[in-house]
Ligand SMILES: [Cu+2]
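Numbering (my numbering), first residue to last: 625 to 822.
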């Protein structure tokens, strides 16, 4: 399917150039440009930070996302005030739930609709993140980058009893219940929040 349509596209481009009266030697580079695929710009995936009018329901949408390594994820505020914060001890002693070699992020408070924060994810693995003011009510999300690897693929309490983890906080119950499974993310690629949150 793609080959004939691309040929048609080139043909159309060539005709258009003739129509503009360009000299033949000007045609080649332009036609080549038309034939070349758009330069591989890494994907940008958008996650919305949502809330109902009263602020009694808050959520990320999608709550589960699969991306290829190198993709950039953008969190953008639609309503209310939120953060996008990686599960990492550097973020207020949260347990490590992103790959060991990945750089943790914390957006800080995003307060106006349209405010956004970008992170480029290069290390394969599972990345769990939360919203600082809303983690306790289950505003969390999960991204799988390439492969379901690393601490984020472990059970929530995998670290209990390991040296250096005494100060780590447990993932709150509401958050545990909100995370989509890795299997569902791999299957659906974009997982939207279930039930009344939509
Ligand atoms: Cu929030």
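Here a beta-carbon is modelled for each residue, glycine too, at the ideal position from N, C-alpha and C.
In this text the structure is predicted, and so the values were computed from the model without any measurement.
In the structure shown, residue 736 falls within a coil segment according to DSSP collapsed to helix, strand and coil. In this structure, the beta-carbon distance from residue 767 to residue 754 does not fall below 8 Å. For residue 675, the enclosing beta strand (DSSP E) starts and ends at 668 to 675. Note that the C-beta distance between residue 715 and residue 739 is not below 8 Å. Taken through DSSP and simplified to helix, strand or coil, residue 691 comes out as strand. Contact between residue 749 and residue 764 fails: their C-beta atoms lie close to 17 Å from each other, not under 8 Å. About 7 Å separates the beta carbon of residue 745 from that of residue 693, a gap short enough to meet the 8 Å contact definition. Look at residue 726 here: in three-state DSSP terms it is coil, with no helix or strand label.
Residue 721 counts as buried, since at least 16 other C-beta atoms from the protein chains shown sit within 10 angstroms of its C-beta.
DSSP places residue 800 in no beta strand (DSSP E) but in the uninterrupted alpha helix (DSSP H) bounded by 797 to 802. Around ligand 1, the residues whose beta-carbon falls short of 5 Å from at least one of its heavy atoms are 682, 706, 755, 758 and 763, given in chain order. Non-local C-beta neighbours of residue 668 in its own chain, meaning closer than 7 Å and more than five positions away in sequence, comprise 696 and 698, ordered along the chain. Judged by beta-carbon spacing, residue 687 lies within the 8 Å limit of residue 816, meaning their Cβ atoms are closer than that value.
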